[in-house]
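Accompanying notes for the structure given below.
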Amino acid sequence: MQIIYTDVLVVGAGLAGQRAAIGAKRRGHDTIVLSLVPAKRSHSAAAQGGMQASLGNCLGASGDNEDIHFADTVRGSDWGADQEVVRMFTHTAPKGIRELAAWGVPWNRVQRGKHEITVDGKKQTVEESDAAHGLITSRNFGGTRKWRACFVSDGTGHAMLYTMSNQAIAAGIPVHERMEALALIHEGERCCGAIVRNLQSGELLAYVAKATCIATGGYGRIYRVSTNAVINEGMGAAIALETGIASLGNMEAIQFHPTAIVPAGILVTEGCRGDGGLLLDGAGHRFMPDYEPQKMELASRDVVSRRMEQHIAAGHGVQGRFGEHLWLDIRLLGKAHIERNLREVKEICHYFLGIDPVNDLIPVRPAQHYSMGGVRTDHRGQSPQLRGLFAAGESACWDIHGFNRLGGNSVAETVVAGMIVGDSMADFCDSQEGALQISTALVEEFGRRERQRLVAISSGTGGENAFELTRLMQDTMTASVGIFRHGERLREAVDTLQGLQRRAANITLRSSAPGANPELVAAYRLKRMLKLAQCTAFGALQRTESRGAHYRADYPQRNDREWLRRTLASWPDADATLPTLEYEALDIMGMELPPGWRGYGDRDYIAHPDTERRQHEIDAVLAGLGETADRYRRQQALMPFEHLLPTHLRKRNQRVGDEL
Amino acid sequence: MNQIAVKEAPRSLKIRILRHNPHDPGSSPHLQTFELEEAESMTLFIALNEIRQTMDPSLQFDFVCRAGICGSCGMIINGRPGLACRTLTRNLPECITLAPLPAFELIGDLSVNTGKWMRGMSEHLETWVHQRDQDKADIDRLEERMEPDLAEKIYELERCIECGCCIAACGTARMREDFVGAVGLNQITRFRLDPRDERSDADFYSLVGDESGVFGCMTLLGCEDYCPKDLPLAAQIAFLRRRMAATGS
Chain C
1 MQIIYTDVLV
11 VGAGLAGQRA
21 AIGAKRRGHD
31 TIVLSLVPAK
41 RSHSAAAQGG
51 MQASLGNCLG
61 ASGDNEDIHF
71 ADTVRGSDWG
81 ADQEVVRMFT
91 HTAPKGIREL
101 AAWGVPWNRV
111 QRGKHEITVD
121 GKKQTVEESD
131 AAHGLITSRN
141 FGGTRKWRAC
151 FVSDGTGHAM
161 LYTMSNQAIA
171 AGIPVHERME
181 ALALIHEGER
191 CCGAIVRNLQ
201 SGELLAYVAK
211 ATCIATGGYG
221 RIYRVSTNAV
231 INEGMGAAIA
241 LETGIASLGN
251 MEAIQFHPTA
261 IVPAGILVTE
271 GCRGDGGLLL
281 DGAGHRFMPD
291 YEPQKMELAS
301 RDVVSRRMEQ
311 HIAAGHGVQG
321 RFGEHLWLDI
331 RLLGKAHIER
341 NLREVKEICH
351 YFLGIDPVND
361 LIPVRPAQHY
371 SMGGVRTDHR
381 GQSPQLRGLF
391 AAGESACWDI
401 HGFNRLGGNS
411 VAETVVAGMI
421 VGDSMADFCD
431 SQEGALQIST
441 ALVEEFGRRE
451 RQRLVAISSG
461 TGGENAFELT
471 RLMQDTMTAS
481 VGIFRHGERL
491 REAVDTLQGL
501 QRRAANITLR
511 SSAPGANPEL
521 VAAYRLKRML
531 KLAQCTAFGA
541 LQRTESRGAH
551 YRADYPQRND
561 REWLRRTLAS
571 WPDADATLPT
581 LEYEALDIMG
591 MELPPGWRGY
601 GDRDYIAHPD
611 TERRQHEIDA
621 VLAGLGETAD
631 RYRRQQALMP
641 FEHLLPTHLR
651 KRNQRVGDEL
Chain G
1 MNQIAVKEAP
11 RSLKIRILRH
21 NPHDPGSSPH
31 LQTFELEEAE
41 SMTLFIALNE
51 IRQTMDPSLQ
61 FDFVCRAGIC
71 GSCGMIINGR
81 PGLACRTLTR
91 NLPECITLAP
101 LPAFELIGDL
111 SVNTGKWMRG
121 MSEHLETWVH
131 QRDQDKADID
141 RLEERMEPDL
151 AEKIYELERC
161 IECGCCIAAC
171 GTARMREDFV
181 GAVGLNQITR
191 FRLDPRDERS
201 DADFYSLVGD
211 ESGVFGCMTL
221 LGCEDYCPKD
231 LPLAAQIAFL
241 RRRMAATGS
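Here the protein sequences come in this chain order: C and G.
Going by my numbering, the residue at position 165 of the first sequence is 165; the numbering climbs one at a time, nothing skipped.
Going by my numbering, the residue at position 32 of the second sequence is 32; the numbering climbs one at a time, nothing skipped.
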C-alpha cells in the first residue's frame with residue numbers, strides 16, 4: 001500500500017476545507033486536500049442567497065454590528081449554540097468576507113441613490129448614501145434584525161468557492177480528486193491520517209499526517225427528500241464516529257428548508273423571501289402573518305417550515321401531482337429584480353418546473369437542508385477526544401448553530417472556521433504535541449482492516465441489495481425523523497434502522513466491475529450512513545423536548561431545565577447497533593445572552609433556574625460599568641472571547657464612519 | 001395554474017449508453033440499451049440512477065448537485081453536449097443516446113475527468129487575482145470599493161461552471177490538446193475585467209497570445225451554442241482576440 005506523508009491532511013474541498021488548507025499552507029505546512037469530486041463541484045457551490053457578515057453598509061444593514069449578529073445567531077440556535085464560539089464567529093465574519101473581497105469575489109455592491117424595494121408585500125423607495133457607494137451590500141434573510149446576507153446575485157456559494165479554489169491553486173495546494181477517506185488512522189487517542197480509496201481505480205492508499213481535518217459537509221442524504229447534493233452522505237463524520245473515540249454533537253439537530261421545489265427537492269434561496277417574496281396557500285392566501293405576526297415569512301427556518309407543514313395539515317395545501325405543497329410567490333419582485341438577483345432561481349424553475357417565476361407561482365415544500373450536528377470540536381476546531389483530528393464547516397459541531405442555523409450563517413461559518421482551524425492545525429503541528437511517531441506497521445494494519453471490509457462486502461452472499469436498503473433508510477428518516485417528531489414514531493424508526501443495520505451485513509453485490517465499482521461504494525457508504533441515521537434518530541428519541549429544528553409533538557416545549565445540553569454520540573463498540581449518548585451541559589452562568597423568547601415562534605418554554613440568576617448578574621455588571629462604557633467594554637465584561645482567537649484575528653472591525 | 005397535461009400512458013424509453021471501463025482489460029467500447037418506463041418530471045439524473053439501481057449497478061456517471069449548478073454531469077445527449085441533471089426526458093424522443101464528453105480522459109462509461117483538465121487549465125492560465133501584497137490586505141478595514149455595475153459584469157463571466165460542454169463542442173479542442181478553450185479564454189476576460197488583478201495585457205498575451213489560446217479559435221461558435229449558462233463566449237473571445245492582436249503587434 002502506498003503511503004503518502006504530509007503535515008496536514010484535509011478531507012473535503014468545499015469552502016471550509018480549502019480555507020483551512022490555505023491557512024495551514026501559509027504557515028509553512030505541507031497540505032494535501034482530498035475530495036470525492038473536483039474541488040469546484042463541492043456542495044458549497046450550491047449556496048445561493050448569501051453570507052452573513054455584519055458590515056452594515058447598505059441602508060437595511062445600517063447600525064449592524066457583531067453584537068446584533070451574535071444575538072440573532074444565539075436566538076436562531078434556540079440557545080443551543082456555544083456562545084463563546086458564536087462571538088468568535090461574528091467577530092471574524094467581516095474579516096472573512098473582506099478577505100474574499102480582496103481575493104476576487106465579485107460581491108454585489110451598494111449603489112448610491114434611490115431604489116425600489118419590496119417589504120411586507122408593498123413597494124417602498126429607499127435612498128442609499130454616497131458614503132456607502134461601492135461597498136459590499138447585503139439583503140434581508142430570516143431570523144435577522146438587519147439586512148446582513150452579503151451576496152453575489154444568487155450564486156454566492158459558487159462565486160466564493162471559485163475564488164477560494166483558485167486561491168488554493170495559486171498557493172500550490174494539491175487536491176487529490178476522486179479520493180474517499182474510508183477510515184481514520186489513529187494510535188490510541190491520536191489521529192494520524194486516513195486510509196483512502198481511489199474512486200477511479202479502486203486502490204487503497206494511506207495518508208499519514210500530523211493534523212487531519214474533516215471538512216466533508218453534511219449528512220442530508222440519509223433523508224429521502226433533501227436539498228443536498230448526492231455526495232452529502234456525511235462520510236467524514238462517519239469515519240470520525242467509527243474511531244470509537246471521537247464524538248459527534250447534536251446529530252438530531254436537522255434543518256428543513258422552507259422552500260424546496262416540488263417534487264425535485266431542489267433549493268430555491270431564502271433570498272426569495274428576503275427580497276420580499278411571499279408564501280401562499282391553496283386559496284392564494286398569505287398565511288405566515290397569521291402564525292408569525294412579528295417576522296412573517298422571515299422567521300427562522302425551523303419556525304417557517306413548521307408553520308408550513310402545520311398549514312398543510314390543516315387542509316390548506318395545494319393538491320399537486322406529487323402530493324401537497326404550498327406556493328412561493330416572487331412575481332411581485334418584478335422581472336428586472338428576478339433576472340438580476342434571483343437568476344439561479346429563474347433557471348431552476350425553467351429547467352425543472354417548466355415555469356417562469358416572473359409570471360408563475362413556485363410549488364414548494366420544506367425539505368431536509370442542513371446538518372447542525374457533526375464532529376464535536378473545541379473552540380479551535382479540534383476534537384476533544386481524538387487529538388490531531390480537526391473539523392470545520394457543516395461536518396463540524398463547533399457549535400455556532402445549536403438547534404437551528406440562520407440562513408447565510410453556513411457559508412459564513414465555512415470561511416471563518418476555515419480561517420481559525422487552519423491556524424489551529426498550524427499551531428498544533430508547530431507544537432510538541434504535533435510531533436508524530438507512528439509505525440508503518442500500524443498504518444498497514446489499518447489498511448488491511450479496510451481491505452478486509454471491502455472483500456467481505458464483495459464476497460457477501462446474503463442477498464440484500466445496497467440500493468434498496470439505502471432507499472429504506474432514507475424513507476424511514478423522512479417519514480419518522482422529520483419536522484414533526486413523536487416518541488412512538490422515533491422508537492419505530494430506531495427499530496427499523498437496527499433492522500436495516502443487520503440486513504446491511506448481508507449485502508450481495510451484483511457487480512464485480514474492476515475500478516471504482518459504484519455498487520460497492522453504495523454498500524460501504526450505506527453501513528456508515530446507517531450509523532449517522534441511528535445517531536440522529538436515537539438522539540431525537542432521547543431528547544424529550546422541542547428546541548429549534550428538533551420538534552417533539554409529544555414534548556412541545558423547550559425545556560431548559562433538563563435539556564440545555566448538547567448531545568454527544570460515540571460508537572465505542574463496532575458491533576453495536578446503537579450509539580452511546582452522553583450529554584454536555586451548557587452553562588448559563590457563563591452566557592452573555594441567557595435563554596429567553598426568540599422573538600418568533602412559541603413563547604412557551606420551561607426556564608432553567610440559573611437563567612434568572614444570570615440575568616441579575618448581567619444587570620449588575622452592566623450597571624456597575626455605568627452609562628459611558630461602550631459596547632466593546634460591556635461585552636468584554638460579560639463574556640470575554642478575544643483571547644480564544646488567533647492573535648491576528650483579534651482587532652476590531654471598521655465600519656463606515658468608524659475611525660480605526 | 002401550472003398544470004401540465006397528464007399523459008395517457010407513460011412512454012417506454014430506450015436509453016442507449018456508450019460504455020467502456022478502462023480499468024477492465026476485458027472491456028471494449030460498446031453501446032448498451034436500457035429500457036425503462038418514463039415517469040413524470042423524469043430527468044436524466046433520475047433515469048440513470050434508476051438504471052444503475054435496478055438494471056446495471058456497474059454503470060458509471062457523475063452527478064453532484066443535480067440542480068444544474070455544479071457542472072459535474074456534462075455528457076453528450078443525442079449528439080449534443082449538455083447537463084444531464086436538468087435535462088427532462090419529456091423534451092427528448094423515446095430513443096436517447098448518451099455518450100461521455102469527448103476531449104477529456106475517460107474514467108468509465110459516462111464519467112470523464114473534467115476536474116483534472118480544468119485544474120490544468122487554471123494552473124496554466126493562472127486563473128486567480130494577481131495582486132502584489134495580497135497577503136497583507138488589511139481585513140480589519142473597510143473593503144476596497146467597486147462600482148456596482150462592474151461587480152455584476154465580473155459575475156456575469158464568473159457564472160461558468162467548468163462543465164466542459166464548450167470543450168466538447170469545440171473544433172479546435174478536438175484537434176489541439178493544449179487548446180484552453182472557451183472556458184479558459186472566458187476566465188482570462190473575467191480577470192482582465194477585474195481591477196483587483198494587476199496583470200497587464202502583455203501578461204495575458206504571454207498566456208493566451210498563441211494558437212493554444214485566443215488565436216486557436218476558429219469561430220465555429222459551438223461553445224456559445226452549448227454553454228448551459230448562456231455565457232457570451234463568442235463576444236468575449238472576439239474581444240480578447242482584438243486586444244491580444246493589438247498587444248502582440
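Each residue gets a CB set at the ideal place from its N, CA and C atoms; glycine is no exception.
Quiz prompt | Cross-chain neighbours of C/Tyr-351 in chain G, by beta carbon under 7 Å | solution = Taking the first sequence and counting its residues from 1, one reaches residue 351 of chain C at position 351. By Cβ distance, chain G contributes Gly-68, Arg-86.
Quiz prompt | CB-CB length for C/Ala-549 against C/Leu-497, believed under 8 Å | solution = Counted from its first residue, the first sequence places residue 549 of chain C at position 549. Counted from its first residue, the first sequence places residue 497 of chain C at position 497. With a Cβ gap of about 20 Å, C/Ala-549 and C/Leu-497 do not count as contacting.
Practice problem: Following the continuous alpha helix (DSSP H) through G/Arg-19, name the residue where it begins and the one where it ends. | Solution: As a first step, residue 19 of chain G must be located in the second sequence, where it is residue number 19. Where G/Arg-19 is concerned, there is no enclosing alpha helix (DSSP H), although the beta strand (DSSP E) it sits in stretches over 12-19.
Quiz prompt | For G/Gly-79, three-class secondary structure by DSSP | solution = The residue you call residue 79 of chain G lines up with position 79 of the second sequence. Three-state DSSP puts G/Gly-79 in coil, outside helix and strand.
Quiz prompt | Boundaries of the alpha helix (DSSP H) in which G/Gln-53 is found, first to last residue | solution = Numbered from 1 along the second sequence, position 53 holds the residue referred to as residue 53 of chain G. Counting along the chain, the alpha helix (DSSP H) containing G/Gln-53 begins and ends at 44-54.
Quiz item: Relative to the alpha-carbon of C/Gly-217, which residue among C/Thr-647, C/Asp-587, C/Ala-39 has its alpha-carbon at the smallest distance?
Solution: Locating residue 217 of chain C in the first sequence gives position 217, counting from the first residue. The candidate whose alpha carbon is nearest that of C/Gly-217 is C/Ala-39.
Quiz item: Thinking C-beta only, is G/Tyr-226 closer than 8 Å to C/Pro-106?
Solution: Counting from 1 along the first sequence, the entry for residue 106 of chain C is found at position 106. Counting from 1 along the second sequence, the entry for residue 226 of chain G is found at position 226. Cβ distance not < 8 Å, so C/Pro-106 and G/Tyr-226 don't count as in contact.
Quiz item: Nearest chain G C-beta to C/Ile-588 closer than 8 Å, yes or no?
Solution: Sequence index remark: in the first sequence, residue 588 of chain C carries index 588 (1-based). No, C/Ile-588 lies away from the interface with chain G (no Cβ there is under 8 Å from its Cβ).
Exercise. Run down chain G in chain order and give the residues with a C-beta less than 7 Å from the C-beta of C/Trp-107.
Key: Counting from one through the first sequence, the residue named residue 107 of chain C turns up at place 107. Residues of chain G passing the Cβ test: Ala-151.
Quiz item: Should the stretch 156-170 of chain G be called in touch with the stretch 186-206 of chain G, which here means at least 3 C-beta pairs below 8 Å?
Solution: yes
Exercise. Quick one: which residues of the stretch 55-83 of chain G get their C-beta closer than 8 Å to a C-beta of chain C? List them in chain order.
Key: Asp-56, Pro-57, Ser-58, Leu-59, Gln-60, Asp-62, Phe-63, Val-64, Cys-65, Arg-66, Ala-67, Gly-68, Ile-69, Cys-70, Gly-71, Ser-72
Quiz item: Over what stretch of residues does the alpha helix (DSSP H) that includes C/Met-288 continue unbroken?
Solution: The residue given as residue 288 of chain C occupies position 288 in the first sequence. Taken as a continuous stretch (DSSP letters only), the alpha helix (DSSP H) holding C/Met-288 covers 288-291.
Quiz item: What in chain C is Cβ-close to G/Thr-127, meaning under 7 Å?
Solution: In the second sequence, the residue the question calls residue 127 of chain G occupies position 127. Those within 7 Å of G/Thr-127 in chain C are Asn-166.
Quiz item: Listing by chain order, which chain C residues have their CB less than 9 Å from the CB of G/Met-118?
Solution: Here residue 118 of chain G corresponds to residue number 118 of the second sequence, with the count starting at 1. Within 9 Å Cβ-Cβ: Pro-38, Lys-40.
Quiz item: Taking buried to mean at least 16 other C-beta atoms within 10 Å of its own C-beta, is G/Trp-117 buried or exposed?
Solution: Along the second sequence, one-based indexing puts residue 117 of chain G at 117. It is buried - the Cβ of G/Trp-117 has at least 16 other Cβ atoms within 10 Å.
Quiz item: At a cut of 8 Å, does the stretch 247-259 of chain C reach the stretch 17-28 of chain C through at least three beta carbon pairs?
Solution: no
Quiz item: Within 8 Å (strictly less), CB to CB, does G/Tyr-155 reach chain C?
Solution: Taking the first residue of the second sequence as 1, we reach residue 155 of chain G at position 155. True, the Cβ-Cβ gap to chain C drops below 8 Å.
Self-check item: Spatial neighbours of G/Val-208 in its chain, beta-carbon cut-off 6 Å, leaving aside the 5 residues before and after
Solution: Counted from its first residue, the second sequence places residue 208 of chain G at position 208. Once the five neighbours on either side are set aside, the close Cβ partners of G/Val-208 are Ile-188, Val-214.
Exercise. Examine chain C for any beta-carbon lying closer than 8 Å to the beta-carbon of G/Met-1, and answer yes or no.
Key: Counted from its first residue, the second sequence places residue 1 of chain G at position 1. With a pLDDT of 45 at G/Met-1, under the threshold of 50, the modelled position of this residue cannot be trusted; read the value that follows with caution. So yes, G/Met-1 belongs to the interface.
Exercise. Just the C-alpha distance for C/Val-415 and C/Leu-645, rounded to the nearest angstrom, thanks.
Key: The sequence position of residue 415 of chain C within the first sequence is 415, counting from 1. The sequence position of residue 645 of chain C within the first sequence is 645, counting from 1. C-alpha separation (whole angstroms): 15 Å.
Practice problem: Take C/Pro-572 and list the residues in its own chain whose beta-carbon comes closer than 7 Å to its own, dropping the five residues that flank it on each side. | Solution: In the first sequence, residue 572 of chain C corresponds to position 572, counting from 1. Counting only Cβ-Cβ distances below 7 Å, and skipping sequence neighbours, we find Gly-244, Thr-580.
Quiz item: In the structure shown, what three-state DSSP assignment does C/Leu-332 receive?
Solution: As a first step, residue 332 of chain C is located in the first sequence; it is residue number 332 there, counting from the start. Reduced to three states, the DSSP call for C/Leu-332 is helix.
Quiz item: To the nearest whole angstrom, what separates the beta carbons of C/Leu-386 and C/Ala-246, a pair I think is in contact under 8 Å?
Solution: Here the question's residue 386 of chain C lines up with position 386 in the first sequence. Here the question's residue 246 of chain C lines up with position 246 in the first sequence. Rounded, the Cβ-Cβ distance is 4 Å, consistent with contact.
Quiz item: Counting pairs of beta carbons, one from the stretch 213-230 of chain C and one from the stretch 367-374 of chain C, are three or more of them closer than 8 Å?
Solution: yes
Practice problem: Pull out every residue of the stretch 191-224 of chain G whose Cβ sits closer than 9 Å to any Cβ of chain C, in chain order. | Solution: Phe-191, Asp-194, Arg-196, Asp-197
Quiz item: Counting only beta-carbon atoms, is G/His-124 nearer than 8 Å to chain C?
Solution: Here the question's residue 124 of chain G lines up with position 124 in the second sequence. It does not: the Cβ of G/His-124 has no partner Cβ on chain C nearer than 8 Å.
Quiz item: Within 10 angstroms of its Cβ, does G/Asp-133 collect 16 or more other Cβ (buried), or is it exposed?
Solution: Your numbering for residue 133 of chain G matches position 133 in the second sequence. Under this definition G/Asp-133 is an exposed residue.
Quiz item: Are the CB atoms of C/Ala-237 and C/Tyr-219 nearer to each other than 8 Å?
Solution: Taking the first residue of the first sequence as 1, we reach residue 237 of chain C at position 237. Taking the first residue of the first sequence as 1, we reach residue 219 of chain C at position 219. Yes, these two residues count as a Cβ contact at 8 Å.
Self-check item: For C/Ala-20, the first and last residue of its enclosing alpha helix (DSSP H)
Solution: Stepping through the first sequence from its first residue, residue 20 of chain C is reached at position 20. Run containing C/Ala-20: 15-26, per the alpha helix (DSSP H) assignment.
Quiz item: Which runs of the alpha helix (DSSP H), 4 residues or longer, sit entirely within the stretch 118-175 of chain G?
Solution: 148-158, 165-168, 171-175
Quiz item: Closer than 8 Å, CB to CB, is C/Arg-224 near chain G or not?
Solution: Along the first sequence, read from residue 1 onward, the residue named residue 224 of chain C stands at position 224. Output row for C/Arg-224: interface = no.
Quiz item: Among the residues of its own chain, which have a CB less than 6 Å from the CB of C/Arg-178, if the five just before and after it don't count?
Solution: The residue you call residue 178 of chain C lines up with position 178 of the first sequence. Around C/Arg-178: Leu-199, Gln-200.
Quiz item: Where does the unbroken beta strand (DSSP E) through C/Met-179 begin, and where does it stop?
Solution: Translated into positions along the first sequence, residue 179 of chain C becomes position 179. Counting along the chain, the beta strand (DSSP E) containing C/Met-179 begins and ends at 179-187.
Exercise. Starting from the beta carbon of C/Ile-266, find every residue of chain G whose beta carbon is closer than 8 Å, and list them in chain order.
Key: The count along the first sequence starts at 1 and reaches residue 266 of chain C at position 266. What C/Ile-266 touches in chain G: Arg-66, Ala-67.
Exercise. Report, in whole angstroms, the separation of the C-beta atoms of C/Ile-32 and C/Leu-15, which I expect to be a contact under 8 Å.
Key: In the first sequence, counting from the first residue as 1, residue 32 of chain C sits at position 32. In the first sequence, counting from the first residue as 1, residue 15 of chain C sits at position 15. Going by Cβ atoms, the distance from C/Ile-32 to C/Leu-15 rounds to 18 Å, so no, they are not a contact pair.
Practice problem: Check whether the stretch 30-39 of chain G touches the stretch 47-55 of chain G, taking contact to mean three or more Cβ pairs, one atom from each stretch, closer than 8 Å. | Solution: yes
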